[in-house]
Amino acid sequence: MRVTYTIDKNTVLEEVKRLTSYGGSRKKGEEDSYERMSATDSDAAQLEQFWKAACSAATEKLMHYARDIESGVEGDNPCYKVVMEMPSLYDTNLNATIEDSLQNFFVNMIASKWYKITSPDDEAKYAADALGFMVDVERKIYHRKRPSRHSND
12 MRVTYTIDKN TVLEEVKRLT SYGGSRKKGE EDSYERMSAT DSDAAQLEQF
62 WKAACSAATE KLMHYARDIE SGVEGDNPCY KVVMEMPSLY DTNLNATIED
112 SLQNFFVNMI ASKWYKITSP DDEAKYAADA LGFMVDVERK IYHRKRPSRH
162 SND
């Protein structure tokens, strides 16, 4: 059974900008924290590098079932798209939550890389969150439905 997960790059980067902006505004005791910590449109080249690193990390974790992986464009939106060949007992009810966790992995991984430069004290928290989201993705991908018997009535 083929399953496709698509992560929209623009959505991820907007969430990273929102997250880093909020983090910068909440930092106590540092007058320039908002300007230093907030990712903006002018940081696009650096964020692009972090996007590629997140794509590579996701690919490493998903390649067991992956049949096709693209980091390209879907419609007008740049995205990361992975087509997986899943076993027959894979639970398709988990597709939406897997895609959500995968998106959160991207956001937190990029944020952790951003904070490594702008606020090293905050980097480990976001790296740990990214790891947690990927563990969640892997756990759900390897989860199987119980086989059921069909009666011939």
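Per my numbering, residue 12 is the first one in the sequence shown, and the count goes up by one each step. The beta-carbon is built from N, C-alpha and C at its ideal position, and this holds for glycine as well. In this text the structure is predicted, and so the values were computed from the model without any measurement.
If we ignore side chains and look at the alpha-carbon of each, how far apart do Asp54 and Asn115 end up? Along the sequence shown, one-based indexing puts residue 54 at 43. Along the sequence shown, one-based indexing puts residue 115 at 104. Looking at the backbone, the Cα of Asp54 and that of Asn115 are separated by about 20 Å.
To the nearest angstrom, how far is the alpha carbon of Met120 from that of Ser99? On the sequence shown, position 109 is the one that residue 120 refers to. On the sequence shown, position 88 is the one that residue 99 refers to. The C-alpha of Ser99 is placed about 31 Å away from the C-alpha of Met120.
By the 10 Å Cβ neighbour count, where 16 or more other Cβ atoms means buried, how is Ile18 classified, buried or exposed? On the sequence shown, residue 18 is found 7 positions in, with the first residue counted as 1. By the neighbour-count rule (16 or more Cβ atoms within 10 Å), Ile18 is buried.
Please classify Tyr126 as buried or exposed, where buried requires at least 16 neighbouring CB atoms within 10 angstroms. Here residue 126 is taken as the residue at index 115 of the sequence shown, counted from 1. Label assigned to Tyr126: buried.
Mind checking Thr51: buried by the 16 CB within 10 Å criterion, or exposed? The sequence position of residue 51 within the sequence shown is 40, counting from 1. Exposed: under 16 other Cβ atoms inside 10 Å.
Does the contact criterion of 3 or more C-beta pairs under 8 Å hold for the segment 55-65 versus the segment 23-42? Touching, yes.
For Val146, which of Phe117, Lys156 and Ser159 has the nearest alpha-carbon? Residue 146 sits at position 135 when you count from the first residue of the sequence shown. Measuring from the Cα of Val146, the nearest candidate turns out to be Phe117.
Per-residue DSSP class, three states only, for Asp87: As a first step, residue 87 is located in the sequence shown; it is residue number 76 there, counting from the start. Here Asp87 sits in coil by DSSP.
Could you give the C-beta distance for Thr103 and Lys151, rounded to a whole number, given that I count them as a contact under 8 Å? Numbered from 1 along the sequence shown, position 92 holds the residue referred to as residue 103. Numbered from 1 along the sequence shown, position 140 holds the residue referred to as residue 151. With a contact defined as Cβ atoms closer than 8 Å, Thr103 and Lys151 miss out at about 11 Å.
DSSP state of Ser99, grouped into three classes? As a first step, residue 99 is located in the sequence shown; it is residue number 88 there, counting from the start. Coil at Ser99, not helix or strand.
Segments of 3+ residues assigned as beta strand (DSSP E) that fall wholly inside the segment 56-82: Listed in chain order, nothing qualifies, since the segment 56-82 has no complete beta strand (DSSP E) run of 3 or more residues.
Look at the Cβ atom of Val14, then the Cβ atom of Met97, and state whether they are nearer than 8 Å. Indexing the sequence shown from 1 puts residue 14 at position 3. Indexing the sequence shown from 1 puts residue 97 at position 86. Their beta carbons are under 8 Å apart, which means Val14 touches Met97 by this criterion.
With DSSP collapsed to three states, give me the class of Asp43. Looking up residue 43 in the sequence shown gives position 32. If DSSP states are grouped into helix, strand and coil, Asp43 belongs with coil.
How long is the line joining the alpha carbons of Tyr153 and Leu105, rounded to whole angstroms? Within the sequence shown, residue 153 is the residue found at index 142, counting from 1. Within the sequence shown, residue 105 is the residue found at index 94, counting from 1. The C-alpha of Leu105 is placed about 11 Å away from the C-alpha of Tyr153.
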